[in-house]
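Chemist: Just so you know, the protein sequences line up as chains Y and X, in that order.
Heads up, this note's numbering is the position in the first sequence plus 45, with the first residue counted as 1.
Heads up, this note's numbering is the position in the second sequence plus 20, with the first residue counted as 1.
Yeah, the Cβ is synthetic: ideal placement off N, Cα and C, and Gly gets one too.
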Amino acid sequence: MILARVVGRVVATQKDRSHAGAKILQLQPIDPEGRDAGEPFLAFDGVDAGPGDRVLVTLDGWSASWTIRRPGAAVDAAVIGVVDTVELA
Amino acid sequence: MRLARVVGNVVATVKNPALDGKKILICKHVGAGGRPEGRAFLALDSIGAGWGELVYYVRGKEAAFPFLPDEVPSDATIVAIVDSWEA
Numbered sequence: 046m047i048l049a050r051v052v053g054r055v056v057a058t059q060k061d062r063s064h065a066g067a068k069i070l071q072l073q074p075i076d077p078e079g080r081d082a083g084e085p086f087l088a089f090d091g092v093d094a095g096p097g098d099r100v101l102v103t104l105d106g107w108s109a110s111w112t113i114r115r116p117g118a119a120v121d122a123a124v125i126g127v128v129d130t131v132e133l134a
Numbered sequence: 021m022r023l024a025r026v027v028g029n030v031v032a033t034v035k036n037p038a039l040d041g042k043k044i045l046i047c048k049h050v051g052a053g054g055r056p057e058g059r060a061f062l063a064l065d066s067i068g069a070g071w072g073e074l075v076y077y078v079r080g081k082e083a084a085f086p087f088l089p090d091e092v093p094s095d096a097t098i099v100a101i102v103d104s105w106e107a
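#1: Using only CA atoms, which one of Y:Ala-109, Y:Trp-111, Y:Gln-73, Y:Ser-110 lies nearest to Pro-96 of chain Y?
#2: Am I right that Gly-83 of chain Y and Val-100 of chain Y are in contact with their C-beta atoms under 8 Å? What's the rounded C-beta distance?
#3: Roughly how many angstroms separate the alpha carbons of Arg-62 of chain Y and Ile-75 of chain Y, rounded to a whole number?
#4: Closest Cβ-Cβ distance between Pro-86 of chain X and chain Y: below 8 Å?
#5: Can you name the residues of chain X whose CB is closer than 8 Å to the CB of Lys-60 of chain Y?
#6: Counting only C-beta atoms, is Leu-23 of chain X closer than 8 Å to chain Y at any point?
#7: Is there a C-beta anywhere in chain Y that falls below 8 Å from the one on Ser-94 of chain X?
#8: Closer than 7 Å by beta-carbon distance: list the chain X residues that pair up with Asp-121 of chain Y, in chain order.
#9: From the DSSP output, in three-state form, read off Leu-39 of chain X for me.
#10: To the nearest angstrom, how far is it from the Cα of Ala-118 of chain Y to the Cα of Phe-87 of chain X?
#11: Figure out for me which residue from X:Glu-82, X:Asp-40, X:Leu-62, X:Ala-83 has the closest Cα to the Cα of Lys-48 of chain X.
#12: Output yes if chain X places a C-beta closer than 8 Å to the C-beta of Gly-117 of chain Y; else output no.
#13: Along the segment 96-110 of chain Y, where does the CB come closer than 7 Å to a CB of chain X? Name the residues.
#14: If you run the structure through DSSP and keep just helix, strand and coil, what is Pro-86 of chain X?
#15: Could you check what DSSP says for Gly-48 of chain X in three-state terms: helix, strand or coil?
What follows is the structure in structure tokens.
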């Protein structure tokens, strides 16, 4: 799992049927200090996250497909939590 | 998944039979403003995408899922044509 920040939202009408009804967010990967760490990507939203939220993301397809109760969906990432705090030793 | 712009296509006659009739599209990731940037890569089309369109694609073993029960070899498959994108 990784940390990311919600930076956008994507709407598509013509899409794979396993994506019907799924909310698709654009995410910027971040490190624990909140700095950008890598290229933006897209993920299903399983927790109703909003713009600017710091979120927890799974990059496993099977887990991602379960976030919208559609096992086997053609998806490779999903938001599975909204982060409240990050503490570093 | 990632956003990409379709910038071309590839034609191959000799190929895995499961690829027959499938479009192989050349894509580039998009940066701010939706402009294509970086190195081109290939993705299989499952949705009827074409030249110039903004799409998103899925990577990894899940790239084969849109074609099930056919077992199509793909590690990147376009699964949606993007209508709008708010950044």
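Modeler: Let me lay it out:
#1: Just measuring C-alpha positions, the residue of Y:Ala-109, Y:Trp-111, Y:Gln-73, Y:Ser-110 sitting nearest Pro-96 of chain Y is Y:Gln-73.
#2: Not quite, the Cβ-Cβ distance comes to about 15 Å (not below 8 Å), so this is no contact.
#3: Arg-62 of chain Y and Ile-75 of chain Y have their C-alpha atoms roughly 31 Å apart.
#4: Judged by the 8 Å Cβ criterion, Pro-86 of chain X is in contact with chain Y.
#5: Chain X residues near Lys-60 of chain Y: Ile-67, Val-99, Ala-100, Ile-101.
#6: For Leu-23 of chain X, the closest Cβ of chain Y is nearer than 8 Å.
#7: So, not an interface residue.
#8: Residues of chain X whose Cβ lies closer than 7 Å to the Cβ of Asp-121 of chain Y are, in chain order, Met-21, Val-78, Arg-79, Gly-80, Glu-82.
#9: Three-state result, Leu-39 of chain X: helix.
#10: Taking the straight line from one Cα to the other gives about 11 Å.
#11: Of the candidates X:Glu-82, X:Asp-40, X:Leu-62, X:Ala-83, the residue whose Cα lies closest to the Cα of Lys-48 of chain X is X:Leu-62.
#12: Gly-117 of chain Y counts as touching chain X.
#13: Taking 7 Å as the Cβ-Cβ cut-off against chain X, the residues of the segment 96-110 of chain Y that qualify are Gly-106.
#14: Looking at Pro-86 of chain X - three-state DSSP - the assignment turns out to be helix.
#15: Note that residue 48 of chain X corresponds to Lys in the displayed sequence, not to Gly. Under the three-state reduction of DSSP output, Lys-48 of chain X falls in the strand class.
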